[in-house]
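Visitor: Residue numbers (my numbering), protein chains in the order written: chain A, 12 to 464; chain B, 12 to 464; chain C, 12 to 464.
By construction, the Cβ of each residue, glycine as well, lies at the ideal position given by its N, Cα and C atoms.
Below you'll find the structure I mean.
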Amino acid sequence: MTDRDDPYRILTAVGPGTPMGNLFRRFWLPALLSEELPKADCPPIRIRILCEDLVAFRDSNGRIGIVDAYCPHRRAPLFFGRNEQCGLRCVYHGWKFDVNGECVDIPNIVPPDNFAALKQKASIKSYSVQESGGIVWVYMGPKELMPELPGMEWVELHEKQVKCSRWLHRSNWLQAAEGEIDTSHISFLHSKVNVGKDSPDWQRLAQDGAPQITLRETDYGFVYGSRRNFEGQYFWRVTQWMLPMWSAVPRSIDDPILAGRAWVPIDDYTTTGFGYVYTTERPLSTRDLEEVASGERFPPRSQKGTFRFAHGYVIDTYLPDANIGNDFLIDRDLQATSSFTGIFGVNEQDRALQESMLSIPGHAGIVDRSNERLVKSDLPIMIARRVLTRLAKDLAQGSEPKAVSSADQYGVRGIAKLSPIADFDEFMHAHANSMRAVEPSAGDERSSNLASL
Amino acid sequence: MTDRDDPYRILTAVGPGTPMGNLFRRFWLPALLSEELPKADCPPIRIRILCEDLVAFRDSNGRIGIVDAYCPHRRAPLFFGRNEQCGLRCVYHGWKFDVNGECVDIPNIVPPDNFAALKQKASIKSYSVQESGGIVWVYMGPKELMPELPGMEWVELHEKQVKCSRWLHRSNWLQAAEGEIDTSHISFLHSKVNVGKDSPDWQRLAQDGAPQITLRETDYGFVYGSRRNFEGQYFWRVTQWMLPMWSAVPRSIDDPILAGRAWVPIDDYTTTGFGYVYTTERPLSTRDLEEVASGERFPPRSQKGTFRFAHGYVIDTYLPDANIGNDFLIDRDLQATSSFTGIFGVNEQDRALQESMLSIPGHAGIVDRSNERLVKSDLPIMIARRVLTRLAKDLAQGSEPKAVSSADQYGVRGIAKLSPIADFDEFMHAHANSMRAVEPSAGDERSSNLASL
Amino acid sequence: MTDRDDPYRILTAVGPGTPMGNLFRRFWLPALLSEELPKADCPPIRIRILCEDLVAFRDSNGRIGIVDAYCPHRRAPLFFGRNEQCGLRCVYHGWKFDVNGECVDIPNIVPPDNFAALKQKASIKSYSVQESGGIVWVYMGPKELMPELPGMEWVELHEKQVKCSRWLHRSNWLQAAEGEIDTSHISFLHSKVNVGKDSPDWQRLAQDGAPQITLRETDYGFVYGSRRNFEGQYFWRVTQWMLPMWSAVPRSIDDPILAGRAWVPIDDYTTTGFGYVYTTERPLSTRDLEEVASGERFPPRSQKGTFRFAHGYVIDTYLPDANIGNDFLIDRDLQATSSFTGIFGVNEQDRALQESMLSIPGHAGIVDRSNERLVKSDLPIMIARRVLTRLAKDLAQGSEPKAVSSADQYGVRGIAKLSPIADFDEFMHAHANSMRAVEPSAGDERSSNLASL
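As structure tokens, this is what we get:
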């Protein structure tokens, strides 16, 4: 198995000019947290998105710029720059750039007659930025195709109702994203052992590891329900998958806390995980926030820090305490007695597996999918690959993805419920209000893929 | 000098399908220590042998399995698995495998009609395992050619008579193995300086750095004697070399402790060193064991730990305290006053050199042999290379190595003696009993190589 | 941009046989500090120069050898060797080499009849060495072309008048050297902010970031003056650039301490920085030495240590406290209030930028010059590239560089002065004595390049 033989390379390669890289560049993407740029003229942050090295800064007016990481003069890093008077100034020779990447000062020459033109030529790459929901969003595609922000409901909520986070995930984005739409693994990877029959714990609900899955494609991606048998009823979990890499996953039954994750490729081998939790009717309580900070679900317990790539570039990010260097702090005694994995925290459990999968030789971090043995419960993963491949190929041939113009449909939720209803569509109909789900159009040809399993 | 030009690549490359890799796969190999899997259902151990990533576990019945390191379903690492109820269960989706690699459970689907066949297809690579002499042995070759365990005498002794160990050696296996059959280096690398003439120390015996070497090929490999002049007598050291990478080396004169080492390739760049010491007539004493633990000879002083390869895979092994990262703790004052190297411990001394040799560009850990200047005292090394090359090539053409079926001949010892006898064959005849050496067959054509030097 | 497309590869590649590597090999180069080999028979030092792995040692007679890092016998590292009785003895089998690389002992064989010839064949690469000015110098070119030591005035001063130092610089040599002949950056990178108008600080003098530059090529390289406007006068800074990589840079106005740096390539990706400070009329005072040790200018604050290359080789060098692994200890508060960079120390400021520049893909440490936007103030850099390219190409065609035979002209200084003189040549004439500058020959055709900017 080499890189060239990998049929999924079209999905895992995200650099400029790649089909999947271009598809990602049609969407607004989370770039970093607003709180990482806490005030005007604060220190800049180094990021890398879709293989592009960038620096983010908040100028004197509070506006955020995401621009090329290097000064065009001698290619010095702008990270060390002075963030002052509405621009980031390279400390090597003082060239200065505003949030739009426009060169506004070249102080190491006597201004020549053509100074305006010279500064114009010295402008650097910059991307459109929006700030909303605690997230700094970036759009890296053609300006003329720039869509609206995706309409997830948490984006517009009061800041006390939302808690976003990000962290370094050391694998290709796809195997991380695939974990989100893989309902059967929660009965194993995230489960407890020796859960008493009297426990109301949702772990008990998820003990049926072979759920029946029904999936419906939508304009924004797909929605699926997994139906587990539970004491004469059904334990339904509905997951929303929103292109190109969002999920809205249910927590417990009728949990007032809603949640999801997104996976933004840093490059082909590393990813920024984003997590969001929110409540719609009240602020998050101290206890809610403590639970988020505990690392029990996501985000993982992390420290602000830097990550240095083998090729020398450095990014500022959040480094999880449990990581591949310490075997994710697996506790074998805990594994023997109460935790299926012995690893603390939902995100850690996911990362432990996804960052350690068998890699394509020479491509550590990209799982070798050539010898997988997919089964029925992997249907959402299969569909997601098919959808993404189709969209990437369509885009390469000039056809823009419909999801981009469906931003208003992103306001969907993942839910979990006990119900006597056996049929997915009936279940969805009954709970349409609590899900804000979008009805698939009746005549949609893609429905042919979607027979109930 | 590039990889392609290296005439010894046939010996240093050990992956699946390589000539030397195939030769290694004809022999039982030490894989790990029994004590690393101390009880039923204990945590699994990650190993890598001959470029294959494997996981070893002891099941509920005490049986050991050595199987593929990855689950066939989604290629998740089995290391994090649950070792329970006679099998290792992947924590991602609960697939379970027994010590024979047979898939015994696929709990994330409703069992289909063809469940048995499906599980059959999901079985994973597993290798034959035996446990003996404190070692977990693995056989990675064709089942139909599986030989008996090599008949080293320590393998069958009471556990109180044997102490085995292993450690990480960071070079290709061949340069490690070549150190074992290089008698002249002990007069330098392992020697002391300022050894008084009255000292009975064997270091004094080994002061003649230009021993006369006589070598006899055997079915199991070869035996050679090195003869040093010492006060009107001869100081004889006889070393046994057993295919493909075993040695039995003498310690002091008439030492009741017998010893040897073996070198099992992890991949082309790293090796697991195995050491064994034993006594035939009594248990090892507390003092014997303290000396072993001291690191003075081998094993080196090491800590249980993990080693992470650049390509991301992690193995569980023993990491020597003195290593290439700390210049093997060389003490230059000690070197000036009493130790030839200033490095503590025989194994550390060997590793300091072997792990730091001039490497082939792009192949750190494989010494560049293209500009060596071999001399007479390197005869055993030259013969070993010739024998191994011949066997690897013969096997590539379908001719199985004779040593494999000569397991009963492995019960030989290295010995050291002061003797008036000048002739090697006479010496061997006189001490046949204490050596259990195998007589070379008189008419063996290979004897033509073996004139006394 | 790939390596092959890089038009500056001719300057950045320095291995044996490369055009620039050959040019470097025509000059005496600083190899290490005399104090690193403090006494006879002290431990050897591992160095790497121009991609060649070498070991330096001081023999029993105090003579220094710089020889191949590996023993020719089995390619073991000589670093672990015994430095004793006028030679370095490999600890593997005792082969011994003198400072000229001659093999003087092969003790692991009985001396054969042709022993002298055999030892002759076993001799190893060695380079000519001189010790002067606190520096161990090495000449790695053809013996018959060996020039005199360059005649920098500090080389011949009393040891109490000179302080040399070296440190690891983690980029290609050229971008380091380019920082030395880049006068405008001192108004930014090395400047302070909020410097009061009453301050006599030279930072205030350098506030004109767009100096006028006049450059004159010389046999030894070039000299240029940068003229800044300052309160009705001119603040002149004159920098000497001496082939292939020396600079004499001024400190403050009429500073009795003179200084400069040199950049010796370790390989294409790493460099040894050398710094020298000296006084001509008195010893360096305790305060002078404290200032040097403080890291405020150069050398950086460093620790003796080892650096391990990815390919396994280890060198002994000085590792700066502030480095790319800790973002050069940037202090953002300091940056906001008083320091342009927030980074302490002139050398750290230079390294922060030069080690972090945008690299050619796959060549971390070599800046990608393909998209630079050079401006007038970069003239000395442009000329230096042109001169070096011409010399490297000329040498490749058999024409030896004139600078090599101009060692007597290296006794020049960089100076800084306030002056009413506007014309560079007049200024140079007026201050010829304090600069010991060399007059360019009137009819030198190269002067055509050198119009005042």
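From the DSSP output, read off the bridge partner residues of I224 of chain B.
Guide: B:S237
Visitor: Take A363 of chain B and list the residues in its own chain whose beta-carbon comes closer than 6 Å to its own, dropping the five residues that flank it on each side.
Guide: F339, I354
Visitor: Tell me, to the nearest whole angstrom, how far the beta carbon of V115 of chain A is from that of G98 of chain A; I am working on the premise that it is less than 8 Å.
Guide: About 5 Å separates the CB atoms of V115 of chain A and G98 of chain A; that is less than 8 Å, so the two are in contact.
Visitor: Taking C-beta to C-beta, are T250 of chain A and P222 of chain A nearer than 8 Å?
Guide: no
Visitor: Taking only three categories from DSSP, how would you classify Q314 of chain B?
Guide: DSSP places Q314 of chain B in strand when its eight states are reduced to three.
Visitor: In whole angstroms, what separates the C-alpha of H442 of chain B from that of P55 of chain B?
Guide: 45 Å
Visitor: Establish whether the CB of H84 of chain B and some CB of chain C are separated by less than 8 Å.
Guide: no
Visitor: By Cβ distance, which residues of its chain are closer than 6 Å to L269 of chain C, with the 5 residues on each side in sequence left out?
Guide: Y289, R424
Visitor: For G152 of chain B and C175 of chain B, which I take to be in contact (beta-carbon distance under 8 Å), what is that distance rounded to the nearest angstrom?
Guide: The Cβ separation is near 23 Å, so there is no contact.
Visitor: Can you list, in chain order, the residues of its chain with a C-beta nearer than 8 Å to that of A418 of chain A? Leave out the 5 residues immediately preceding and following it.
Guide: P158, E159, L160, P161, G162
Visitor: Which of helix, strand or coil does DSSP assign to E142 of chain C?
Guide: strand
Visitor: Would you list, in chain order, the members of the stretch 338-359 of chain C that have their beta-carbon closer than 9 Å to a beta-carbon of chain A?
Guide: If you check each beta-carbon in the stretch 338-359 of chain C against every beta-carbon of chain A, the ones closer than 9 Å belong to D338, F339, I341, R343, Q346, A347, F351, T352, G353, I354.
Visitor: Curious, which full-length alpha helix (DSSP H) runs of at least 4 residues does the stretch 313-373 of chain A contain?
Guide: Within the stretch 313-373 of chain A, the complete alpha helix (DSSP H) segments of 4 residues or longer fall at 343-348, 357-365, listed in chain order.
Visitor: Quick one: which residues of the stretch 98-114 of chain A get their C-beta closer than 7 Å to a C-beta of chain C? List them in chain order.
Guide: V102, Y103, H104, G105
Visitor: How about D64 of chain A and A42 of chain A: are their beta carbons less than 8 Å apart?
Guide: no
Visitor: Checking 8 Å against the spacing of the C-beta atoms, do G284 of chain B and A187 of chain B come in under that value?
Guide: Between G284 of chain B and A187 of chain B, the gap from beta carbon to beta carbon is short of 8 Å.
Visitor: Assuming K2 of chain A is part of the beta strand (DSSP E), what are its boundary residues?
Guide: Lying before the first or after the last residue shown, residue 2 of chain A is absent from chain A, which here runs from 12 to 464.
Visitor: Out of curiosity, what's the CA-to-CA distance linking V140 of chain A and W106 of chain A?
Guide: 22 Å
Visitor: Under 8 Å: do the stretch 295-314 of chain B and the stretch 205-214 of chain B share three or more Cβ pairs, one atom per stretch?
Guide: Below 8 Å, too few C-beta pairs join the stretch 295-314 of chain B and the stretch 205-214 of chain B to call them touching: fewer than three.
Visitor: Which value, in whole angstroms, describes the spacing of the CA atoms of E95 of chain A and E155 of chain A?
Guide: Each residue's Cα considered, the two are about 31 Å apart.
Visitor: According to DSSP, which residues form a beta bridge with W247 of chain C?
Guide: Answer is C:R238, C:K428, bridged to W247 of chain C.
Visitor: Taking 8 Å as the limit between beta carbons, can you name the residues of its chain near E142 of chain B, skipping five residues before and five after?
Guide: By the criterion of a C-beta distance shorter than 8 Å, E142 of chain B is surrounded in its chain by S45, I75, W148, once the five residues flanking it on both sides are discounted.
Visitor: Using 8 Å for Cβ pairs, my map puts H358 of chain A next to P311 of chain A. What's the rounded Cβ distance?
Guide: The amino acid occupying residue 358 of chain A in the given sequence is Asn; His does not appear at that position. Indeed, because the Cβ distance is near 4 Å, the residues count as touching under 8 Å.
Visitor: Indicate whether R248 of chain B and F309 of chain B have their beta-carbon atoms separated by less than 8 Å.
Guide: no
Visitor: At a cut of 8 Å, does the stretch 382-398 of chain B reach the stretch 123-130 of chain B through at least three beta carbon pairs?
Guide: no
Visitor: To the nearest whole angstrom, what separates the beta carbons of G112 of chain B and C62 of chain B, a pair I think is in contact under 8 Å?
Guide: That belief does not hold up - the Cβ atoms of G112 of chain B and C62 of chain B are roughly 19 Å apart, past 8 Å.
Visitor: DSSP beta-bridge partners for R100 of chain B?
Guide: In DSSP, R100 of chain B forms a bridge with B:R93, B:K107.
Visitor: Measuring only between beta-carbons, confirm whether M31 of chain B sits less than 8 Å from chain C.
Guide: no
Visitor: For chain A, find out if any of its Cβ atoms is closer than 8 Å to the Cβ of F91 of chain B; answer yes or no.
Guide: So yes, F91 of chain B belongs to the interface.
Visitor: Go through its chain and collect everything with a Cβ distance to P468 of chain A's Cβ below 6 Å, but skip five positions before and after it.
Guide: Since the first and last residues shown for chain A are 12 and 464, residue 468 of chain A lies out of range.
Visitor: Evaluate R85 of chain A with the Cβ neighbour count: other Cβ atoms within 10 Å of its Cβ, from every protein chain shown; 16 or more gives buried, anything less gives exposed.
Guide: buried
Visitor: Among C:G323, C:T29, C:K428, whose alpha-carbon lies nearest the alpha-carbon of G373 of chain B?
Guide: Taking only the C-alpha atoms, the option nearest G373 of chain B is C:G323.
Visitor: Could you give the DSSP three-state label for F285 of chain B: helix, strand or coil?
Guide: strand
Visitor: Tell me the DSSP bridge mates of K404 of chain B?
Guide: According to DSSP, K404 of chain B bridges with nothing at all.
Visitor: Can you tell me whether R397 of chain B is buried or exposed, with buried defined as 16 or more other CB within 10 angstroms of its CB?
Guide: exposed
Visitor: Do you know whose CA, among B:G220, B:C82, B:L168, B:P83, lies nearest N119 of chain C's CA?
Guide: B:G220
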